[in-house]
Amino acid sequence: MRSTTARTGGAFLTFIKSLSLSTRSQQEHSSAKKLGSYLVQTQFQFGLQVPGPRSYCTANVVDVGQPTPASHPQLLKDGEITPGITAEEYILRRKKLLQLLPEKSLAIISAAPVKMMTDVVPYTFRQDADYLYITGCQQPGGVAVLGHECGLCMFMPEAKSHDVIWQGQIAGVDAALDTFKADVAYPMRKLHEILPDMLRGSSKLFHNVQTAIPAYTKLEAFQELLFSNNVKDLSIYTHQLRWIKSPAEIKLMKESASIACQALLLTMLHSKMYPFEGMLAAKVEYECKMRGAQRMAFNPVVGGGPNGSVIHYSRNDQKIEDGDLVLMDVGCELHGYTSDLTRTWPPCGSFSSAKEELYELILETNKQCVELCKPGASIQQIHDHSVEMLQKGLKEIGILRGVPSRAYHTLNPTSIGHYLGMDIHDCSRINYDCPLKPGVVITIEPGVYIPSHFDGPERYRGIGIRIEDEVLITETGYEVLTASIPKEIKHIESLLNNCNGMGNDSHIKMGATVS
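If you want it as structure tokens, here you go:
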């Protein structure tokens, strides 16, 4: 037997259709704002909580403002809170964090704030990595409190009918308990009543400094802990946990890397056809999103010619001249996990002798540094080796003269790599001299960036080259997650000269998956 909700839901949909027809025939009622306001007033007579004129999911599925196994079975399996990550894994993360926290301490993590592009237009929301890691909630407006006695307590925003009409349903107290598996949950308006007692019962407070909000930092109980020097940054603990990836996280990172590799490969094949930096940036973003990525991990770096010598060049507004190299640093984000890789190539299909000379030096440095990736090594040790190799090679080529160290740092002021995970420069509280462990993902990205005004051989001026790979540390060594995209000169030239000037992508599957 169909429920009353289902029956009234059908009546409501019939009503909506008739209303839509009538508003189309009557110009004075065609305003979307008037229609939205009218729906708010009328939906309750049918006994429904409707998330607006356009529902996020079907009428028989509870809408919590983000995908669930019920609303998006194509994305999530039963038991998962976010794609690929189960409720059990989120609960285990909280237990591990509590094990790191001192007794009688409390942790507070706020959701990321909404950032505005204009007065009424927000930027696409991206959740704070720590909040997402602990709760699985992908939405703004919440505060998570973790304690030895209370477990996970979530303070959640309350849906306002106007916002629901315009922006859709959001996760509230029920979703905190049922979807995110919080131990207790309250509406945000109760925070100033409940949190002070929790704070006064704690000897030390750890909080996410990056997303701290006045709703709790202005509380008298918070200020008391602050003045007694008992408020610390929580990231020292959350980064320890996030640094080593679980098997589920590694699978997502492999999928993210696979998507980025496919997207960049197709962009390389189209680079002669589209001789503008902006076109190549658009192409790689399109290909990433067509394969399931939610967003780019950062604004793509597309440096043609001398722009490649600007390390994080992102204007992407110049024409690429024939014979120029293109340096592309790209990455995407898949269900909270990022990828990051760089390739440098000549769209014309062949390297000049000077560019080949420099490229081979960077390539050999990349390959040797990848070989050093293993448990017990550190990014700092690998970096030191890369500096030795590049200084020696650049001196042999004739670019560096005399004592090379000072001039070298002008041509390459960057580290050999960084940690990678939920953030593109992940786990900043973990030092680069920390011994690597299985489950850690890093980048290896040697480069040289010679400005056009450099006082050296003219044939090398205005050249920027970087070759970046993602490397997973394993029990026995390493696995290169970006190995599917070529970096040897002979492979790049063969690829570019045998694609008939067009990147036929029919052989690339949409929605990349990794077994």
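Sequential numbering from 1 applies to the sequence shown in UniProt numbering.
Beta carbons are placed, not taken as given, at the ideal position from N, Cα and C, and that holds for glycine.
All of these numbers come straight from a predicted model, not from anything done at the bench.
Cα-Cα, which of the options is closest to residue i?
i: E333; options: E479, G439 and M296; result: M296
i: T414; options: I444, H162, H453 and K115; result: I444
i: Y140; options: C153, T118 and I109; result: The sequence given here has Pro at residue 140, not Tyr. P140 has its Cα closest to that of I109, out of C153, T118 and I109.
i: H148; options: P457, I450, L252 and K204; result: K204
i: I81; options: A260, C261, T338 and L132; result: L132
i: E224; options: A281, Y237, P306 and R200; result: R200
i: M253; options: T476, L496 and D469; result: D469
i: R315; options: F351, E277, R126 and R291; result: E277
i: G184; options: H453, A176 and E220; result: One detail in the question is off: residue 184 reads as Val in this sequence, not Gly. Of the listed residues, the one whose Cα sits closest to V184 is A176.
i: T476; options: L495, A377, P73 and I382; result: A377
i: V238; options: G398, T68, Q66 and L97; result: In the sequence as displayed, the identity of residue 238 is Thr instead of Val. Cα-wise, what sits closest to T238 is L97.
i: S202; options: L101, V209, N208 and G331; result: L101
i: P134; options: L146, F125 and R126; result: Position check: residue 134 holds Ile in this sequence, whereas Pro was assumed. Among L146, F125 and R126, the Cα nearest to that of I134 is on L146.
i: M188; options: P214, V441 and T179; result: P214
i: E103; options: T124, D78 and C150; result: C150
i: R291; options: S256, L280, C434 and S271; result: S256
Output the boundary residues of the beta strand (DSSP E) element that contains residue i.
i: G323; result: Looking at the DSSP string, G323 is not in any beta strand (DSSP E), and its letter there is neither H nor E.
i: G447; result: G447 to I450
i: H207; result: K204 to H207
i: I430; result: From DSSP, I430 is part of no beta strand (DSSP E); its letter is neither H nor E.
i: L146; result: V143 to G147
i: T217; result: From DSSP, T217 is part of no beta strand (DSSP E) but of the alpha helix (DSSP H) over P214 to T217.
i: I444; result: V441 to I444
Can you look up residue i in the DSSP assignment and give me helix, strand or coil?
i: S110; result: strand
i: T267; result: helix
i: E357; result: helix
i: M296; result: strand
i: M422; result: coil
i: P187; result: strand
i: T23; result: Note that T23 scores a pLDDT of 39, beneath 50, so its modelled location is shaky; the value from the coordinates is reported in the next line. If DSSP states are grouped into helix, strand and coil, T23 belongs with the helices.
i: D178; result: helix
i: G10; result: A caution first: G10 carries a pLDDT of 46, below 50, which makes its placement in the model unreliable, though a value can still be read off. Looking at G10 - three-state DSSP - the assignment turns out to be helix.
i: E488; result: coil
i: M389; result: helix
i: M156; result: strand
i: E193; result: helix
i: V121; result: coil
i: R466; result: strand
i: G305; result: helix
i: T135; result: helix
i: residue 586; result: Residue 586 cannot be examined here, being either before or after the span of the chain that is shown, 1 to 515.
i: I85; result: strand
i: M116; result: strand
Contact criterion: CB-CB distance below 8 Å. Does residue i meet it with respect to chain D?
i: D63; result: Protein chains in the displayed structure number just one, and chain D is not present.
Do residue j and residue i count as a contact pair if the criterion is CB distance below 8 Å?
i: G464; j: S309; result: yes
i: L264; j: D340; result: no
i: M273; j: P300; result: no
i: N412; j: L390; result: yes
i: G439; j: I473; result: yes
i: L241; j: R459; result: no
i: K487; j: I467; result: yes
i: W345; j: V326; result: yes
i: T211; j: A112; result: yes
i: C261; j: S405; result: no
i: F155; j: G142; result: yes
i: T482; j: M422; result: no
i: D324; j: G349; result: no
i: Q318; j: N307; result: yes
i: I416; j: I379; result: yes
i: F206; j: S105; result: yes
i: D63; j: Q167; result: no
i: Y286; j: C373; result: no
i: C288; j: I250; result: no
i: E357; j: I382; result: no
i: K181; j: A107; result: no
i: I236; j: R401; result: no
For residue i, which residues does DSSP report across the bridge?
i: residue 524; result: Outside the displayed span of the chain (1 to 515) sits residue 524, for which this structure offers no information.
i: T338; result: E333
i: W166; result: Looking at the DSSP assignment, W166 forms no beta bridge with any residue, so it has no partner.
i: P73; result: Its beta-bridge partners do not exist; DSSP assigns none.
i: L327; result: G303 and T344
i: G151; result: G147
From which residue to which residue does the alpha helix (DSSP H) around residue i run?
i: E103; result: No alpha helix (DSSP H) holds E103; DSSP gives it neither H nor E.
i: D233; result: No alpha helix (DSSP H) holds D233; the beta strand (DSSP E) holding it covers V231 to D233.
i: V284; result: E277 to M290
i: E80; result: Run containing E80: none in the alpha helix (DSSP H); it sits in the beta strand (DSSP E), E80 to T82.
i: T68; result: No alpha helix (DSSP H) holds T68; DSSP gives it neither H nor E.
i: H409; result: S405 to L411
i: F227; result: E220 to F227
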